[in-house]
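Just so it is clear: in the sequence shown, position 33 is 739 by our numbering, and no numbers are missing.
For each residue, glycine too, the CB sits at the ideal point set by N, CA and C.
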Amino acid sequence: MSHEKYKSLIETLHECMEACNHCYDACLNEDNVKMMTECIRLDRECADICSYLEQALVRGTPFDGELASICATICEACGNECKKHDHDHCQKCADACLKCAEECKKVAA
Numbered sequence: 707m708s709h710e711k712y713k714s715l716i717e718t719l720h721e722c723m724e725a726c727n728h729c730y731d732a733c734l735n736e737d738n739v740k741m742m743t744e745c746i747r748l749d750r751e752c753a754d755i756c757s758y759l760e761q762a763l764v765r766g767t768p769f770d771g772e773l774a775s776i777c778a779t780i781c782e783a784c785g786n787e788c789k790k791h792d793h794d795h796c797q798k799c800a801d802a803c804l805k806c807a808e809e810c811k812k813v814a815a
């Protein structure tokens with residue numbers, strides 16, 4: 707199966723998607739939700755692209771490099787935004803996003 711060569715990336719994408727969904731939900735419960743607007747928006751973008759790329763790789767997409775490049779850009783943006791916030795969920799999300807961005811860049815290259 708062609709997706710076996712992406713096993714590590716698929717796992718990383720799934721972890722990132724889960725971290726972003728958790729961060730998204732936790733941000734909605736913060737006292738100052740308005741301050742978290744950009745974090746929430748990017749969490750959704752990142753979770754969605756990670757989920758899509760995970761599925762696309764499993765089914766053997768011919769656009770692996772192009773999609774990985776887009777995913778890396780979004781993951782990096784989300785990770786950088788989450789790093790700005792002191793909340794534990796944001797810091798964990800930032801770590802997952804930046805790790806995912808690096809893994810995606812390897813496929814995009």
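Can you tell me where the alpha helix (DSSP H) with residue i in it begins and where it stops?
i    : result
H720 : 713–734
H795 : 794–814
K790 : It is not in any alpha helix (DSSP H) - K790 carries neither H nor E in the DSSP assignment.
C754 : One point to set straight first is that residue 754 is Asp, not Cys, in the sequence displayed. Unbroken alpha helix (DSSP H) run through D754: 743–764.
My understanding is that residue i touches residue j, with C-beta atoms under 8 Å, so please give their C-beta distance in whole angstroms.
i    : j    : result
I780 : C752 : 5 Å
C733 : C745 : 5 Å
C722 : H795 : About 14 Å; that fails the 8 Å criterion.
K798 : A725 : 6 Å
L689 : G785 : The question about residue 689 has no answer, for the chain in this structure spans 707 to 815.
For residue i, count the other beta carbons within 10 Å of its own beta carbon; 16 or more makes it buried, fewer makes it exposed. Which is it?
i    : result
A802 : buried
D792 : exposed
D770 : buried
M742 : buried
When the distance is taken between beta carbons, is residue j closer than 7 Å to residue i?
i    : j    : result
L748 : A762 : no
T718 : E809 : yes
A814 : E782 : no
A778 : K789 : no
If we define contact as Cβ-Cβ less than 7 Å, is residue i a contact residue for chain C?
i    : result
F769 : Given the protein chain composition of this structure (a single chain), no chain C is represented.
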